[in-house]
Every structure is written in C-alpha cells, then in structure tokens.
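See structure below.
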Amino acid sequence: MNSFDVVVIGSGPGGYVSAIRCAQLGFKTAIIEKYSTLGGTCLNVGCIPSKALLASSHHYAEIAHFADHGIEVSGEVKVNLEKMIARKKAVVDQTSGGINYLMDKNKITVFEGLGSFVDATHVAVAKADGTSETIEAKHTIIATGSKPSSLPFISIDKERVITSTEALSLKEVPKHLVIIGGGVIGIELGQVYLRLGAQVSVVEFMDRIIPGMDASLSKELTKVLKKQGMKFYTSHKVQSVERAGDVVTVKAENAKGEVITLEGDYSLVSVGRRPYTDGLNAEAAGVKISERGQVEVNDHLQTSASNIYAIGDVVRGAMLAHKAEEEGTMVAEILAGQKPHIDYNLIPGVVYTWPEVAAVGQTEEQLKAAGVAYKSGSFPFKALGRARASADLDGFVKILADAKTDEVLGIHMIGARTADLIAEAVVAMEYKASAEDISRMSHAHPTFAEAVKEAALAATDNRAIHV
Ligand code: FAD
1 MNSFDVVVIG SGPGGYVSAI RCAQLGFKTA IIEKYSTLGG TCLNVGCIPS KALLASSHHY
61 AEIAHFADHG IEVSGEVKVN LEKMIARKKA VVDQTSGGIN YLMDKNKITV FEGLGSFVDA
121 THVAVAKADG TSETIEAKHT IIATGSKPSS LPFISIDKER VITSTEALSL KEVPKHLVII
181 GGGVIGIELG QVYLRLGAQV SVVEFMDRII PGMDASLSKE LTKVLKKQGM KFYTSHKVQS
241 VERAGDVVTV KAENAKGEVI TLEGDYSLVS VGRRPYTDGL NAEAAGVKIS ERGQVEVNDH
301 LQTSASNIYA IGDVVRGAML AHKAEEEGTM VAEILAGQKP HIDYNLIPGV VYTWPEVAAV
361 GQTEEQLKAA GVAYKSGSFP FKALGRARAS ADLDGFVKIL ADAKTDEVLG IHMIGARTAD
421 LIAEAVVAME YKASAEDISR MSHAHPTFAE AVKEAALAAT DNRAIHV
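So the sequence shown is residues 1 to 467, counted in full-length UniProt numbering.
Dropping the structure here:
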C-alpha cells in the first residue's frame, strides 16, 4: 500500500498550494483530485476563466471610447463569442498545465479519482475506470472546496437557468440575462455579458449589491453600472423562476408586497456557494461536519480527528482563493512544527469589474456597530492626473483610521486597478501603519496609487493636496 506523510484531498488553490508547501517542508506528499484537471474551482470554473472573459469583454467595451483617443476604426467590430470562450479555455488549460508541472517539480504524487475516508489514516481513491486504490495517510488535509448553491424552489437546468459554471461557457450572448444575487460572482459575470450586448437585470434580496463590502463601494459601483446600462432590483425576494422553452420568467417581491416579473432568455443563479463534502465519507474518519455543511475546525484548522485538517471554501470564513492558499500554507507549517498565523481581518476582498472594487479591514458599518471612534478620509479618482490621462475617472479611495491613534482600520477603494492597489493597504495594515505613515510615503507620479496617499492625507488631517 502506498503510504504518505500528507495526503491532500482536492487540488484547488487551497489544496495544491498546501501540497507544495508540504513538499517544500520535506513531507512525502500526495494530492487527490476527482477531475482530470488540477486547479479546482478557481482555475477551472472560477477566478481565472471569469477574469479571462472580463478582460476580453473589457477590450470590446473600450472600442466605444477609441474615437476619444483619436483612433478611428473602420468596418464592423463584432464579438465572436465562440473564439472568446476558446481563448478563455486556452488560458485555463495552460494554467492547469502549470500546476501539473509544479506537482512534478515538487515530487508530489497525483491521484485522479474521488477521495473518501476509509478511516482516520486511510483514504480510498475511486478512479474513473471503476478501480479503487487505498492509500495510507499520516495526516490528511481536506480541501474539497465548494459548489454553487441555489434556492429550494429553483430548478437549475444548466441550459437557461444556469450557475456561474455554465455562464463561463455560453454559446450565445443572452438577449436578457436575469441575475439572481448581486454578490461578486453575479456582478462580475453580469458585466461581461452587459459589455457583450446583453440586457442585464440583477435581483438582490438585500438593499444593495455586494452587500458584504462597505456601503460606499456598493453605492458607487451601482452608480457606475447603472450608467453602463445594468438594471437593479434590490430589496427584492425572488419568488419563482420558471422556464418555458427559451423564456425564463423570474418573479420577485419587494417589502411592500409588490411583485415584479422579469422575462429573460437566461437566468444566472448566483446566490452563493455551499461547502462540498459529497462522497468524502468524513464520518468514517471521525471528522465532524456542521449543520451548514462546513468541515468543523479549530483555530489551527484541525478537525475533530486530530491528524486531519481542513482548509479553504469547505471551512468557515470568506470563500476566496487567497484565503484558501494562506490556510493551506498554515496547515503545512503547523505539521512541520512551526507557529504560523493568519490575520483574517487582513484578507482583502476584490470585485474585478471595471472600475475594480477592493477592500481590506473594517467597513464603516462594522466600526459603527462596534462603537469604535474613527475618522475617514476620501479621495476621488477624478482628481488624479493619471486617471484623467487614462479617462478612468470613476471611483475613490477611502481610509478609515482610529480617531485617537490614527491606526488604519480599513481601506476601501473603487477605481482603475484597485485590485492591485489594495496590496499596499494590506502591507500598511499588516505593519499597523497610521494614516499619517501612508501619507508620508512617496508615491510615484502620475499613478493611481497616489489616490491612496491623498486619502491618507485626508484621513490624517483633512489635508489632501489635489482636492
Ligand atoms: P476549490 O477550488 O473548490 O477546489 C476543490 C477541489 O476539490 C475541486 O477541484 C474538486 O473537484 C475537488 N474535490 C472535491 N471533493 C473531492 C473528493 N472527495 N476527492 C477528490 N477531489 C475532490 N476567489 C478569489 O479569490 N478571486 C476571484 O477572482 C474569484 N473568482 C471566482 C469566480 C467564480 C465564477 C467562482 C465560482 C469563484 C470565484 N472565486 C474567486 C472563489 C474561488 O474560486 C474559491 O474561493 C477557491 O477556489 C476555493 O479554493 P479551495 O481550494 O478551497 O476549493
């Protein structure tokens, strides 16, 4: 029987990063993946393909502004969706190949098949050809991720009533895409098809889209997307989603009991994701699953079975690739006797629309609820030379700092390239910077990053220079 120091179940960003860190630390490591490609949700049907389509559709949308830059396009410019989807697939395939290379390089044994516990130290791998192999595992790391969830009365047929997975491979641009759920995934994919020519309507139960983020970001993103033509029905509870032929009818009710009816040719159900443990047979290993379907873990990501750990979307916390990666690294280092730590307050959240939205730390709503005395400084992108040069004028950076100590408590930004700018915010907060610290650091001119410095100046002493 094959025997390993560490067996990782699931090859998403949590699992494969964890496997590499385990191998780096000298453990004999194996990884089990039920699909034929490595990389999990993120690489195959999540982060990477959605960003590929966002990039392609962004290029297309930019053509409308070419004339402003003195670029004349003659002849018809049109979308070839089949080619766009093929390019997305090529990006995914190439990146997945890169993970195969990393597994080889780090001498990690890859098993293709469904992993299920026989007991706390044995995992059976059921392969596609019907055979099964049992391997011995001194330690196991569960990294089985998540799947799209739905509402009990919605029947997802994967043709017209779809999840994000199908939305990444459509054969035509919808005429009217009705999106149920205004979270990150719904809004990103909504912008893809909006740019490609679809009418897009978003129905959201809460009173604003991207409800987990600072309300000022929701407000600005809604404003920009409305300008681009997206329609929003917030504070609406979906009652039914019915398909008849090519028509999907979505009915939703507001707080006053008024019902709206939206008719589309596709409906994207993006109401969240559920932790995935189907077929894992966790109970055979003594691993407890919570009522919400998550693998229960302590602060060290250890499950109720002491030699088994769990990471990523399948455990509590934000369902984000970089959170899964940090947890994967942390478990490997714990197994090696190190004392790693994750500050969950400093896991950034990003929406890859254009303008991009990014945040780290506490929102104003959270600070108010916790009774923390704070001050706030904002700076609009439209006052930046770089933003004017690129015609990327939407958005702002907002810095929240402790009223007494000036320590930065949260940074919230929407605008061009904020997905990358947020890294500065994470570094600053990791080192417990004050707003004044950031304001005194030189930021290259002209850059979008100057908005961070200016917001810090505004938060320090209301002394932004360019407003
Ligand atoms: P997963 O990536 O879900 O991987 C789990 C793997 O385990 C899968 O490959 C699965 O097949 C395998 N598996 C499950 N059970 C078994 C078993 N019993 N045996 C063998 N294999 C098994 N996050 C970001 O941070 N940034 C983004 O831009 C972003 N965009 C997204 C866009 C979309 C459309 C979606 C759907 C998600 C996006 N996410 C994004 C979320 C991100 O994909 C997840 O947070 C991340 O993939 C979680 O990683 P994971 O390793 O926990 O699990």
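Quick reminder that beta carbons are idealized off the backbone N, C-alpha and C, glycines included. Bear in mind the structure is a predicted one, so any value in this text is a computation, not a measurement.
Q: Assign F153 to one of two classes, buried (16 or more other C-beta atoms within 10 Å of its C-beta) or exposed (fewer than that).
A: Per the 10 Å Cβ criterion, exposed.
Q) Residue range of the alpha helix (DSSP H) that R21 falls in? A) Going by DSSP, R21 is part of the alpha helix (DSSP H) stretching over P13 to Q24.
Q) Got a sec? Which residues, its chain only, sit under 8 Å from A305 by beta carbon, not counting five neighbours each side? A) Taken in chain order, the residues that qualify are A120, A285, G286 and V287.
Q. What is the residue span of the beta strand (DSSP E) that Q199 lies within?
A. Taken as a continuous stretch (DSSP letters only), the beta strand (DSSP E) holding Q199 covers Q199 to V203.
Q) Do S201 and R208 come within 7 Å of each other at the CB atom, strictly closer than that value? A) no
Q: Return helix, strand or coil for S155, following the three-state DSSP convention.
A: coil
Q | Near the ligand FAD: K34 beta-carbon under 6 Å from a heavy atom | A | Yes, Cβ of K34 sits closer than 6 Å to a heavy atom of the ligand FAD.
Q) Leaving out five residues before and five after G361 in sequence, what residues of the same chain have Cβ atoms less than 8 Å from its Cβ? A) N345, L346, L400, V408, L409, G410, I411, A425 and M429
Q) Taking E291 as the reference, which of R274, N298 and H300 has the closest Cα? A) R274
Q | Nearest-angstrom beta carbon gap, G190 and I179 [assumed within contact, 8 Å] | A | 5 Å
(Q) What would DSSP say about residue 468, mapped onto helix, strand or coil? (A) The chain is shown from 1 up to 467; residue 468 falls before or after that span and cannot be answered.
Q: Would you tell me roughly how many angstroms separate the C-alpha atoms of T234 and D313, rounded to the nearest one?
A: 27 Å
Q) Which term fits E33, buried or exposed, when burial requires 16 or more other beta carbons within 10 angstroms of its beta carbon? A) buried
Q | Any non-hydrogen atom of the ligand FAD within 6 Å of P355 CB | A | no
Q.
Could you check whether the stretch 391-399 touches the stretch 308-322, counting it as contact only if at least three pairs of C-beta atoms, one from each stretch, sit closer than 8 Å?
A. no
Q | Simplified DSSP assignment, three categories, for G415 | A | strand
Q | Helix, strand or coil at P348 according to DSSP, with G and I counted as helix | A | Here P348 sits in coil by DSSP.
Q.
Does the beta-carbon of M103, which I'm using as the reference point, lie nearer than 6 Å to any heavy atom of the ligand FAD?
A. no
Q | Environment of Y193 [buried if 16+ CB atoms lie within 10 Å] | A | buried
Q) Can you pull the DSSP bridge partners for A124? A) For A124, which the question treats as bridged, DSSP gives the partners S116 and T134.
Q: Using a threshold of 7 Å, state whether the C-beta atoms of E133 and V123 are closer than that.
A: Taking 7 Å as the Cβ cut-off, E133 and V123 do not qualify as a contacting pair.
Q. Which of the three DSSP states, helix, strand or coil, is assigned to Y193?
A. DSSP places Y193 in helix when its eight states are reduced to three.
Q: Return the residue from the list A215, K256 and V203 that minimises the CA-CA distance to T249.
A: Selected option, being the one with the closest Cα: V203.
(Q) Tell me whether C22, by its Cβ, gets closer than 6 Å to a heavy atom of the ligand FAD. (A) Checking the Cβ of C22 against the ligand FAD gives no.
(Q) Between residue 468 and E220, how many whole angstroms is the CB-CB distance? I'm expecting something under 8 Å. (A) No answer is possible for residue 468: the residues shown for the chain start at 1 and end at 467.
Q. Distance, Cα to Cα, L38 vs L196?
A. Their Cα atoms are separated by approximately 30 Å.
Q: For D104, count neighbouring C-beta atoms within 10 Å of its own C-beta (all shown protein chains included) and say buried if the count is 16 or more, exposed if not.
A: exposed
**Q.** N-terminal and C-terminal residue of the beta strand (DSSP E) that D5 is part of
**A.** S3 to I9
Q: Could you tell me how far apart the beta carbons of G115 and G12 are, in whole angstroms, since I believe they sit closer than 8 Å?
A: Not really, about 13 Å apart at Cβ, beyond 8 Å.
(Q) Here's the rule I'm using: 16 or more other beta-carbon atoms within 10 Å means buried, otherwise exposed. How should N80 be labelled? (A) N80 is exposed by the Cβ-count criterion.
Q.
According to DSSP, is H69 part of a helix, a strand, or is it coil?
A. helix
Q. Secondary structure at F27, three-state DSSP: helix, strand or coil?
A. coil
(Q) Any contact between the stretch 325-339 and the stretch 9-24? By contact I mean 3 or more CB pairs, one from each, below 8 Å. (A) yes
Q.
Quick check: does the Cβ of S11 come within less than 6 Å of any heavy atom belonging to the ligand FAD?
A. Within the cutoff, so yes.
(Q) Is any non-hydrogen atom of the ligand FAD found closer than 6 Å to the C-beta of L114, if you look at the structure I gave you? (A) Yes, the Cβ of L114 comes within 6 Å of a heavy atom of the ligand FAD.
Q.
When you measure from the CB of S146 to every non-hydrogen atom of the ligand FAD, does any distance come out below 6 Å?
A. yes
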